[in-house]
Amino acid sequence: MATSDAYMRTPTQQAWRRFKRSSSGKAGLLIVGFFILLAMLAPLLMPYDATKDRHLRLRLKPPSIEHLMGTDELGRDIFRRVVHGSRISLRVGVFAVGIALVLGTVLGLLAGFYGGKTDMFISWLIDIMLSFPSILLAIAIVAVIGPGISNAMIAVGIVQIPVYARLTRSMVISIKEQDYVSAAMGLGAGHARVIFKHILPNGLSPLIVQGTLSIATAILDAAGLGFLGLGAQPPQPEWGLMISKGFLYFTRAPWISLFPGVAIMIAVLGFNLLGDGMRDALDPRTVR
Amino acid sequence: MTAYAIRRTLSLIPVLFGVSLLVFTFIHLIPGDPAVVMLGQRATPEAITKLRKQLNLDKPLFFNLKAATEKKNPAAIFDSQYFSFANRILHGDLGESIFTKVDIATELRARFPATFELSLAAMLVAVLLAIPAGIMAAVKKNSWLDLSVMTAALIGISMPIFWLGLLLIYLFAVNLHWLPPSGRLDVAFHIKPITGMYVLDGILRGNFALVGNALKHLILPALALGSIPMAVIARMMRGAMLEVLNQDYVRTARSKGLSERLVIWKHALRNAMLPVITVIGLMFGTLLTGAILTETIFNWPGIGKWLYDGIGSRDYPIVQGGTLFIATVYVIINALVDLSYGFFDPRIQYH
Amino acid sequence: MKKLIIGLLALSLAFGVASAQTLVYGQSKLPVTLDSSDAQDGNSLRVSYQITESLVAFKPGTVDPKPGLAVSWKASDSAKVWTFKLRQGVKFHDGTPFNAAAVKFNIDRWNDKSNKYRGNKQFVPFTWVFGGFKGEGSIIDHVEVVDDYTVKFYLTDSVGFFPNMLGASYFGIDSPKAVMANPDKYGTPEVGSVGTGPFVFSKWIIGDKVILKRNDNYWGPKAKVDTLVFRGIPEPASRLAELKAGAIDIANNLSPEDKVTIDSDPNLEAVVQKGLNIGYLAFHQKNKPLDDIRVRKAIAAAVDWDAIVDAFYAGLGERATEFVPPAMWGRDGHVPAYTYNPELAKKLLAEAGYPNGFKTEIWYMPVSRPYFPAPQPIAETIATYLADVGIKATLKTEDWGTYLSDYDQGKFPMYMLGWSPDYPDPDNYLYTFFGPTPIKTNLGCESEACQQIGQLLVDARTAPDMATRKELYAKVQRKVHELTLSIPVAHNNPLHAIRKGVKGWIPSPLGSSENLNLVTK
């Protein structure tokens, strides 16, 4: 673990130094930063109300100076919609992973810390979840709770729970056996104290790395649900939904589907790069 | 090893039991009612009630307490939807679709080979491109080759499959007319299925024109579906290879003056393959079961699209039977992957 | 080029392809069943129409009845007893003879719920057309075999257009022997169906295609191709792509806006069909405040319907004012169109007590239909217009089958839907939309005015002469407009396309009754 290094700098400083040396990390930070900035500034720079946007005379226009990415079937400026789509996709990615991270970590902690029947039951649940293909599970969840962007977010989050549960569980088991933790337990420290004081902080780095990478997956999955009509609903400018609507026009106006896809790709690429960089920084043992 | 295999197999039973419970619960939680859908427009409440009874949808989901107390027969408690479903499954009867009246088993026989063939093709494309690329990238670490392979791989895992699929169709089918936009086979070709996988069947029957046509239909969907495994495997291969190349015995081999090629192919590759093979196995399971989007775009008559439609139309038997089948295949593949550790790496001991 | 063609020819001969004529039809889905009387969707019926035939047929491309398996028919004075003379010497594909007993077998199977050859089928369309099963509202009381080639239908009430009803594509006559052999699985991919039609069921490859072969013993004009293949290709854009690639010969129901693409391709030919459909936006008045006529009128005035028709029908469709298309009788002819007037809309909303609008839902169909070729963008556009006057309409959709069973349950406050007729009579439109249907929701309107409309439609159904019926239907159209029960949006002339060289294909205004035996390639 990074904390056991006896260097002059704090672990955080070391990690930051390593991160700065990772070119993928820097590129990722740049892209992700760009999208975050875009999402924050979009309402100020180009205000947009999807519920009123309609220019029937400007339908299906190819990319031009006025409309950098062309217009769609309602004559809406695709560039504007793609920019505003970043707000939806980032939110979905972060919240979905938040759900998975919290619930998964709790389950993993319980399983790893208490072992025995608790562990068996939780592992059984996780095994069941893992025997479904994730997209099918997400579809089933949305079918139950109804389509929509928030529900898609929940579904994508639930689907990712097993990843964190397993990660945390194995982490807890390995840390629990280390001397200082057994010592703390021997001294009569409460369970909560041991978990929050000793176990979680020491296992945080793999969780952070995994978290960054799963934001990428979550954005892709949510777009997939949007494409199937189960995620964001029209007229929201969600990227996956925009691609699917372009399907009807794709022989005539391929730009409707093209640009939202490029946006997804770049955003996801950003989080993947950032995740790689984080791994370089926080988990220096892996060979890069 | 054998003991472990048996234990691993037995461990599937509780998981599959859980899967059956979950699938069953899920489908009944989905709002909507197949009886209503089946009767379509202008259905009267009386007709709906009658049909629900006919379809056994009026019984309790899990435990029939009412029947048990009324009939004073404790066994009647199992006169419920779940237990009759489980009972049929255990007798090998997956039921029939509510709407098309086709046996689920018949549908699976027709559709699973299509999905299997597509997944196999996707995996083949992925492996054939990714493994050499990953090795080269590792051997020439930090070269332009490494950089481009890794960039391509990153882009590969960052693209939405459905979007890539659309682009491929637009480019190669609609504009260039090189490859067909959808389907498995041109109408002019007929084959009596043996395995249901057209390429294989064509070879078995010696009909090579058909094999060619089937391959043409496979290329685009396989590329789309294979893009993610391709990227993952390339990254994995490179990482594993680098790790092995840094290890003592490889260094020793090198210092003994063995040729670089021998070192890489004989010593390093063998050991680097293990984690990669694991990933290939696990990803194959995912492909088999998760090709819904690809199948939708390419109109591929596989399991994914069928299940998706089944959920939409509340066709309970399709969703129950189909998902259970898919989950079974998936956990079996995972178990096989586990077991293959021992095969590829005899050092691993099972406890 | 010539060399290439000869080379290709040699190649295709060498592999034994293209020696037999195969016509490939691309539609949006494969059939659900080939048991036509249990099929609720046009894709099933189009295929089964090639295999099984009804007693009454329609002249290709029209809605004019002509002899089918019956050569003539006659009503009693009260129009309560109908006598049908059957075609002689016709055989089912399995060799059994077509006769009066076969007709009675089929009708009894559909009409009588205790019939043991129903299998596990519901025969829902039968209830749509005839009002229910025997004893539950069916207008068919019983069928009598007079002799081998004469049947008599005894009705519970007088119905002047009874033959048209029998001509609906649901009522193809199946071989009794084939049905009896396996009532449950009749019509499935494994069993198929057996009729008297120009094509014989050959094979159904699940999820992929249905293959039919020419019936060499057909009583009428024998099919011009040896093999007819149906493929299901859900997306209109994909159907067009397949057509361009030459993998299919006919692609139906394309996006009107692809007309340009088709016209610019030298290998393709656009086919614009005279449509008899109607696409509309309905209100379900169980949902407040849509029960307020001012609110409904406000909505009608808030939307620029002309602009919508201009944008999404690419000049192929026309703005609708009544619920029966102009090519059909039973119209008033002078019902005015709702005009775009947002100011009026705001005023009406304020009067109704919603000066700042309200929240509601618009449901749109998840699939393209002939009357709404692009449902989602149209719904989005309507919602933007409503947003302009303050009404916040959420857009919603669900699986098509579920949608069709949910709309009349009052679950959708506003919904888009439409109609292509089952049989050519205004009754089939108006009774469907506004008639006193078994569930009596009548768009959720229980007011006396709505009940009056229902009564007018019942009267029109059984009125003895055309003039009376005509006047009754015109009255209904006016009342529906006054009450703004629903908003008629468009009549579309659907766009289809064929490969150059395909000849003789005439799409049917009834949706699925196409005579593909007349098509050459």
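Chains as they are written, first to last, in the working numbering: chain X, 7 to 294; chain G, -4 to 346; chain E, 89 to 609.
Think of the CB as a built atom: it goes at the ideal place given N, C-alpha and C, for glycine as much as any other residue.
Can you confirm whether residue i, when its beta carbon is compared against all beta carbons of chain E, has any partner nearer than 8 Å?
i: residue 65(X); result: yes
i: residue 309(G); result: yes
i: residue 254(X); result: yes
i: residue 102(G); result: yes
i: residue 192(G); result: no
i: residue 53(G); result: no
Within 10 Å of its beta-carbon, does residue i have 16 or more other beta-carbons around it, so buried, or fewer, so exposed?
i: residue 242(G); result: exposed
i: residue 177(X); result: buried
i: residue 127(X); result: exposed
i: residue 14(G); result: buried
i: residue 98(E); result: Bear in mind that a pLDDT of 47 at residue 98(E), under 50, signals an unreliable position, so the number given afterwards is only what the model happens to contain. Residue 98(E) is exposed by the Cβ-count criterion.
i: residue 260(G); result: exposed
i: residue 304(G); result: buried
i: residue 43(X); result: exposed
i: residue 245(X); result: buried
i: residue 253(E); result: buried
i: residue 544(E); result: buried
i: residue 23(X); result: exposed
i: residue 164(E); result: exposed
i: residue 174(X); result: buried
i: residue 11(X); result: Residue confidence is low: residue 11(X) scores 47 on pLDDT, short of 50, so the model does not pin down where it sits. No coordinate-derived value is stated.
So who's on the other strand from residue i, going by DSSP bridges?
i: residue 502(E); result: 371(E), 450(E)
i: residue 115(E); result: 320(E)
i: residue 287(E); result: 302(E)
i: residue 98(G); result: 91(G)
i: residue 72(X); result: DSSP output for residue 72(X) lists no bridge partner at all.
i: residue 407(E); result: 578(E)
For chain G, check one thing: does any of its Cβ atoms lie closer than 8 Å to the Cβ of residue i?
i: residue 157(X); result: no
i: residue 266(E); result: no
i: residue 92(X); result: no
i: residue 271(X); result: yes
i: residue 212(X); result: no
i: residue 326(E); result: yes
i: residue 274(X); result: yes
Identify, in the order they occur along the chain, each residue of the same chain with its Cβ nearer than 7 Å to the Cβ of residue i, setting aside the five sequence neighbours on each side.
i: residue 57(G); result: 75, 77
i: residue 569(E); result: 423
i: residue 125(E); result: 198, 211, 213, 214, 258, 259
i: residue 233(E); result: 188, 189, 192, 239
i: residue 276(X); result: 34, 37, 38, 41
For a cutoff of 8 Å on Cβ pairs, would you count residue i as touching chain X?
i: residue 476(E); result: yes
i: residue 273(G); result: no
i: residue 303(G); result: yes
Take residue i and list the residues in its own chain whose beta-carbon comes closer than 6 Å to its own, dropping the five residues that flank it on each side.
i: residue 89(G); result: 99, 100, 316
i: residue 291(G); result: 300
i: residue 592(E); result: 606, 607, 608
Using a Cβ-Cβ cut-off of 8 Å (strictly less than) and excluding sequence neighbours within five positions of residue i, which residues of its own chain qualify?
i: residue 476(E); result: 390, 430
Original post:
Name the residues in the region 140 to 172 of chain G whose C-beta lies less than 7 Å from a C-beta of chain X; which are they?
Top reply: 149, 150, 152, 153, 154, 155, 157, 158, 161, 165, 169
Subject >> Against chain E: residues of the region 246 to 270 of chain G by CB proximity under 8 Å >> reply: Listed by position along the chain: nothing, the set is empty.
**OP:** Compile a chain-ordered list of the residues in the region 9 to 28 of chain G whose CB is closer than 7 Å to at least one CB of chain X.
**Re:** 9, 10, 13, 14, 17, 21, 24, 25
Subject >> the region 312 to 326 of chain G: positions lying closer than 9 Å to chain X by Cβ >> reply: 314, 318, 321, 322, 323, 325, 326
**OP:** Anything in the region 147 to 164 of chain E with a Cβ closer than 9 Å to a Cβ of chain G? List those residues in chain order, please.
**Re:** none
Subject >> Where the region 236 to 247 of chain X meets chain E: residues whose CB sits under 9 Å from a CB there >> reply: 239, 240, 241
Subject >> Residues in the region 45 to 78 of chain X having any Cβ partner in chain E nearer than 7 Å >> reply: 57, 58, 59, 60, 62, 65
Subject >> Where the region 432 to 460 of chain E meets chain X: residues whose CB sits under 8 Å from a CB there >> reply: 454, 456
**OP:** Give, in chain order, every residue of the region 207 to 233 of chain E whose Cβ lies closer than 7 Å to some Cβ of chain G.
**Re:** For the region 207 to 233 of chain E, which is checked against every Cβ of chain G, the residues closer than 7 Å are 208, 210, 212, 216.
Original post:
At a Cβ cut of 7 Å, what residues of the region 141 to 155 of chain X count as close to chain G, listed as they run along the chain?
Top reply: 141, 142, 145, 146, 149, 150
**OP:** Anything in the region 240 to 274 of chain E with a Cβ closer than 7 Å to a Cβ of chain G? List those residues in chain order, please.
**Re:** 272, 273
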